[in-house]
Structures are given as structure tokens and as C-alpha cells.
Amino acid sequence: MGRIQVMPEPLANQIAAGEVVERPASCVKELVENSLDAGARQIRVELEEGGIARIVVQDDGEGMDRDDLLLACARHATSKIRQARDLYRVQTLGFRGEALAAIAAVAHVTLASRPPASAAGQVLTWAGGQLVSGPAPIGMPPGTRVEVRELFYNTPARLKYLRSVQTEQARCLEVLQRAALARPDVAFQCVVNGHVTFRTPGDGQPLSVLAALYGPGEAGQLLSWSASDRDFTLHAWLGRPAQAKSSRQHGYLFLNTRPIRNVALQQAVTAGYGQRLMVGRYPLFALYLTLDPGLVDVNVHPHKTEVRLSEERDLASFVQAQVAAALAQAQLVPSGPNPRQVAEHGRTAPPSTPHLGLPLSKGRGQTAGWPSGSVMYAQQTGLPLPSTRSRPQTDDVLAALAPARAESAVAAWPGQPVPAEQVNEHPEPVATGTASHDAGRLPALRLVGQALGLYILAEDGEHLYIIDQHAAHERVLYERFLKRLQSRHVRPLPLLTPLPLVLTPGEYAAVCERQAELQTCGLEVEPFGGSDVVVRSVPDIWEGLDLHRLAEDVLRQLAADRSAGVVTALQPQLALQACKAAVKANQRLSLPELEALCSALAEADDPFHCPHGRPVLLRLSQRDLEKGFRRIV
């Protein structure tokens, strides 16, 4: 008897505050959300010592009268929920009625508010969950002003575990940035230690907020995309692959104007970028999603940043498809930096012998029958090549390198030079797909030659293109391997000694379910007792690779992601095979080889990125070159 007691209300308030107010950024988030729900068009936030010493949030919203002001800091007091069914269609940011009460329980809070129809406002002060003074009249403009001082003054343990002032300040700014992006129609201003650090115009344009965050130059490169279907509407601003960041914090998701965090949607965006991103890089984006509030449960977390979606899988598939479509229709050629930076970019592995699908010229740096570089010299100067008895037949070379047969030309390049009579002083542009205005395709390029044993130089009359020969050939081979796999034109490569693999019971069950699908892709897997399996054949495109490691990676990936297809699981291995089979640095290519590679690259689904996300080519405009040579200032 007497062991169970009802906690005093101040103690209960302090404990409850821990669910809502973890740090100064939590206070800023809750107060800003209240301002937005009050219809504010201008919000000013002041921070001192990262918000630990002082936070002020002032808005021009509808304000509160004396009676509402007294109830504002009481627990479970809210103007946004009247009955239980309102929870299923919440359209306001706040609704729990806990924010102000939680903040007032662990800080000194001064709350002043004035409705537009009132001649004066009212002010009161709370500390430790108790009303200290007020309400009292005060002169102020319409709206609400909340000042929070000495956060966690009565909970020293929580204060002790706050991070540094700089870290807490950065988190507060991140909250403000997300709020400003969610509501670009509201003007935000952030003042840190007396200095304005962040301001948005409130013109309703997300691009204006992005420009305030990342600068006009970077914001101007973002791609705009809108789409909708029966249930979802999407408006997106997507960063180009070259704008990718080293962390995920530059991806912004908004659902019905609410900033949210959702792993499935974040992964869907990254999957939409596909292989355009390098390993360890993450896209910059702002996605605005609109759907029926009845399909969203926002009442699953005290911070209201995590939501539950009744159609999450469908929404993720929709987002992934739309991101992929936006990037596929965009011109993603990166602009090159200064020539020295361009020369240092994209060096690959040391030269080696020719690989699958690309028999090269005999001899490194020299074509059969002519001295090294003479083909390009003849092309650039118009001088005839020296005669030789070993000159190939003109018809054979041209037939193998016809643009209409670009794929077969790359599959079996003859490695022979072009006869002198076929070398033009003014060569025609290489057939490289559609016109330059077609997004996602290369323009018609005129081949210039090869430089440094690494790069192909071409131009379209307005720009100079520098193409990484290894990355270009890697992309061509990868897409060829992928199409073979998708069309099930992969031959199984029987293994002389089967590969044993030890799987967990869960992995074993998942692999057995996919056994038939794996076999159609050339991967024959059989049970071997318990949860062990043996691999009896692998796809022929794996020849020369670490078969044991690749087979194990594919099977474990299929087990980890039941929704992933076998082709998806095999894609990283295709990229590895394409990398090993592609031409290497310092391998001199003849003119037919260069032309065939450019033609095949133009037919690629993504000619701008290799399978590992590196750029295939850079573009320098004539203006860039003229500025570099000081022809213009």
C-alpha cells in the first residue's frame, strides 16, 4: 500500500516535455508551426547562443485574445482538434496541444499576442509550468510574439547533454530552412546574435528559397518537374548529378506542406537518379507531394516529422518513376572547369590488353601501317597520309563503321586506320543521335581527335566536348550487357567446380523462391542441404570476375530486398564487367574507333554518366574559351 502515487503536475509536465522538446531546434519547430497555422505571412526568429539562452519567434498571424492566451500554455489545449475523427484528416502542422505547455515547463516563456481587431495586446509570463504574471495589456502590432529564455534551466541533466552552441544553432537553422521551403509564400527572417543570417522573400516561389539557401548560381541549375496521377500530385526541384552532396541532409520532402522524413521516399528519389550518382554522393532535391489527408496518419510521433502512408509503396514507385523521367529529359552535360582541371579529371586504370567486345588497334599509341598520331594529323591538316602496302580495303572499313551499325561497330572494331582518300580536311559531323535541342541526347558532333591518350575531343559549332574514352565505352558496354540481360539473351557459363554458398534460413527461402528467375538470367542455383546452395553456372558476362563474391552478393541482395528483381540485383555486377572490359587510359584509338564510340555513345539511354556515376563528358562553350584566352573580359 502506498507504493503507487500520482506524480505532481510540474514533474509530469517536465517528463512530457522530453517527448516534444529535445533541444532548441524542437522549440523553434513548434513555435514556427504555430505561427504558420495562425496564418502568418511574415515570421522573424531570433537566436542567442544557439537558442539555448534565448529564442524569439514573432509573426503577423491572427493572434489570441486574453482568454485564449491563458489557455495556450495548458496541456492538451488546442484550437485544431475538436473530436477524434479530426485526427484522420489533419491539415494543420500542430494539433496535439502540447508544444507551448512543454516549452513552458522547462523554460521562462513570455507570450504576447494581439488579434488584428483589438486595440492592444496581452502579455503573460510562464516559468517551470506555472503562470508567473499576467495577462497584462501591452502595445504591439497584430500577431504573436513568443520569447523563450534559459531553456532547460530546471532540468540540468537535459541541459548537460546539449551539443555545442554551433551545433544547436545549425539544427535550428535547418528547421527554419525546411519550414521556409515548405511555405515559400511566407517571408522568413532569422537573426543570430544580432545578425541576419537567413531571409526569404515570401513570393511563393520555392526557387527563391533555394536561392537563399544555396545561392542563385546553384539554384539556377535545378530542374523543375511536375506530374500527377489519380492519387498523387508532385512538384519537384531536382539537382543535377554534378550538384550531388556528400550527405543526405540536402534532400527535402514535403507532404501537404508538412516537412517530413521518410526513408522509402528518400530511397525512391535516389533510385530515380540511378547510376547518375557517384558512390557516397546524394542528390539535392525538394519534393512537394500532395495527396488526400485521409491517406496520411501524422499522429504517429510526437515531433510529427514521421508520418504513416497507407499507399507508401505506390507513392514511392510514383516518385521514382517521375524523378527518372525528369532526368531522362534533361540535358545533363556538365560544363567543364578550366583546362587544367579538365585534364586532371577522369583518369582511369593503367593500360592493359584489349577486353571483351572491343578489339583495339595493334600496338599501343600506334595504328597498323602508319606512325603514331598520323591519322589525326592528316585529319587536322588535310595532308595525305603516306602510302603503304598494308592499307586496308576502304569498303570494309566504312561498312564496319557505318553510323547505322554503330553497335556492331563497337562490338568488333577493326582496329584499322582510315585510308588517305577517306580523310577529310573538313570532316562531317559524326552521327550522334538527335538534334542538340533534344534533352537527354548528344548533339551532332564533329570529331576533332584524341588527347593525352584519355580523352576524345569533339565540337558542335558552339561547344567543345571532352569525352572520357573509358567512361564512354563503359557506358556503351554496360547498356549492351543490361539489354542482353533484360531480354534474357545471356548464356549460362557452366562452372567446372560448383561454388558452395552458406546462407541463412531466410536467405535460403528467398533464393529458392527466385530459383527459376535466376536461371533465366544464367545463374543456376541448387539446394545443397540445410540452408546451403551451390552455384552451377553464372552469366557469361561475368567471365574473368570474382565469381564467388559476385554470386554471394547477388543472392544476399535478393534476400534483403524481396521487391527487387533479379536484373536489378545483377546491375552492379554488370557495371563491374563493363569497367573491366572498357578501353583504358593511354590506349590510342584510330579515327574509325573514335567515330564508332561516339556514335554508340549517342545511342545510349544515358550518354552523360558512366555506370558508377562519373561524368562521361564535359562541355566548354565558346564563351568559356574566349574568356580563358582573354578575348573577352
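All letters in the sequence shown, in the order written, are residues 25 to 657 by our numbering. Note that CB positions come from ideal geometry on N, CA and C, so glycine has one too. All values reported here derive from a predicted model rather than from experimental measurement.
Checklist entry - Taking the C-alpha atoms as reference points, what is the distance between Thr221 and Ser271? => result 22 Å
Checklist entry - With distances taken from CA atoms, which of Gln66, Leu277, Gln581 and Ala101 is nearest Arg169? => result Gln66
Next on the checklist: Here's a check: name, in chain order, each residue in its chain whose Cβ is nearer than 6 Å to the Cβ of Leu336, leaving out the five neighbours to either side.
Outcome noted: The question names Leu, but residue 336 is Glu in the sequence shown. Result list for Glu336: Ala288, in chain order.
Next on the checklist: Taking the alpha-carbon of Arg264 as reference, which of Arg470, Leu351 and Gln581 has the nearest alpha-carbon?
Outcome noted: Leu351
Checklist entry - Taking the continuous beta strand (DSSP E) assigned at Ile656, which residues delimit it? => result Looking at the DSSP string, Ile656 is not in any beta strand (DSSP E), and its letter there is neither H nor E.
Item to check | Alpha carbon of His572 to alpha carbon of Gly589, nearest angstrom | outcome: 20 Å
Checklist entry - Along the chain, which unbroken stretches of the alpha helix (DSSP H) at least 4 residues long are found entirely within the stretch 42-82? => result 48-61
Checklist entry - If you compare alpha carbons, which of Tyr479, Ser59, Val133 and Ala266 is closest to Tyr297? => result Ala266
Checklist entry - Considering only the beta carbon of each residue, do Ser236 and Thr224 sit closer than 8 Å? => result It is worth fixing the name first, because residue 236 is Ala in this sequence and not Ser. Yes, they are a contact pair.
Item to check | Integer-rounded CB distance, given that Ala310 should sit under 8 Å from Leu234 | outcome: 7 Å
Item to check | Meets three-Cβ-pair contact criterion under 8 Å: the stretch 82-90 and the stretch 139-147 | outcome: yes
Next on the checklist: Using 8 Å as the threshold, is the C-beta distance between Ala101 and Leu93 below it?
Outcome noted: Contact: no.
Checklist entry - For the alpha helix (DSSP H) that contains Val287, what are its first and last residues? => result Val287 to Tyr297
Next on the checklist: For Leu425 and Ala626, what's the separation of their Cα atoms in angstroms?
Outcome noted: Reliability fails at Leu425, whose pLDDT of 32 lies under 50, so the model's placement of it is uncertain and the value that follows must be treated cautiously. One C-alpha to the other measures close to 14 Å.
Item to check | 7 Å Cβ shell around Ala128 - same chain, five flanking residues per side excluded | outcome: Cys97, Trp150 and Gly153
Next on the checklist: Which same chain residues end up closer than 8 Å to Tyr306 when comparing Cβ atoms and leaving out the 5 residues on each side of it in sequence?
Outcome noted: Ala268, Lys269, Ser270, Ser271, Arg272, His274, Gly275 and Thr294
Item to check | Residue range of the alpha helix (DSSP H) that includes Phe342 | outcome: Glu336 to Ala352
Checklist entry - Buried or exposed: which applies to Val526, given that a residue is buried once 16 or more other Cβ atoms fall within 10 Å of its Cβ? => result exposed
Checklist entry - Roughly how many angstroms lie between the CA atoms of Asp556 and Glu550, to the nearest whole one? => result 9 Å
Next on the checklist: If contacts are defined as beta-carbon pairs under 8 Å, then His494 and Ala609 qualify, I think. What distance do you get, rounded to the angstrom?
Outcome noted: 7 Å
Item to check | Outcome for Ile28 when other beta-carbon atoms lying within 10 angstroms are tallied against a minimum of 16 | outcome: Flag for Ile28 reads exposed.
Checklist entry - Closest to Pro635 by CA distance: which of Asp484, Leu582, Leu333 and Gln299 is it? => result Nearest to Pro635 by alpha-carbon distance, out of Asp484, Leu582, Leu333 and Gln299, is Gln299.
Checklist entry - Quick one, which of Leu277, Gln539 and Arg655 has its alpha-carbon nearest Arg202's? => result Leu277
Item to check | Straight-line gap, Glu619 to Glu498 (C-alpha atoms, nearest Å) | outcome: 16 Å
Next on the checklist: Residues in the same chain with beta-carbon distance under 8 Å from Gly485, minus the five sequence neighbours each way, listed in chain order, please.
Outcome noted: Its chain contains Arg470 as the residues whose beta carbon lies nearer than 8 Å to that of Gly485, once the 5 sequence neighbours on both sides are disregarded; these appear in chain order.
Checklist entry - Cβ atoms of Leu547 and Val578: under 8 Å apart, would you say? => result It is a contact, given that the beta carbons lie within the stated cut-off.
Checklist entry - Thinking C-alpha only, which one of Ala160, Asp316, Asn286 and Val558 is nearest Ser252? => result Residue Asp316 is the option with its Cα nearest to Ser252.
Next on the checklist: Can you list, in chain order, the residues of its chain with a C-beta nearer than 6 Å to that of Gln82? Leave out the 5 residues immediately preceding and following it.
Outcome noted: Arg68 and Arg169
Checklist entry - Does the distance from the CB of Gly14 to the CB of Leu481 come in under 8 Å? => result For residue 14 there is no data in the structure shown, the boundaries of the chain being 25 and 657.
Checklist entry - What's the C-alpha gap between Gly228 and Ala126? => result 32 Å
Next on the checklist: Do Leu582 and Ala593 count as a contact pair if the criterion is CB distance below 8 Å?
Outcome noted: yes
Checklist entry - DSSP state of Val590, grouped into three classes? => result helix
Checklist entry - Terminal residues of the continuous beta strand (DSSP E) containing Ala251? => result Annotation for Ala251: the continuous beta strand (DSSP E) segment containing it runs Leu247 to Ser252.
Next on the checklist: By DSSP's criteria, Asp556 is part of a beta bridge. Which residues make up the other side?
Outcome noted: Val526
Next on the checklist: Would Val331 and Asp321 be called neighbours here (beta carbons separated by less than 8 Å)?
Outcome noted: yes
Next on the checklist: Going by C-alpha to C-alpha distance, which of Pro639, Val147, Leu183 and Leu148 sits closest to Val130?
Outcome noted: Leu183
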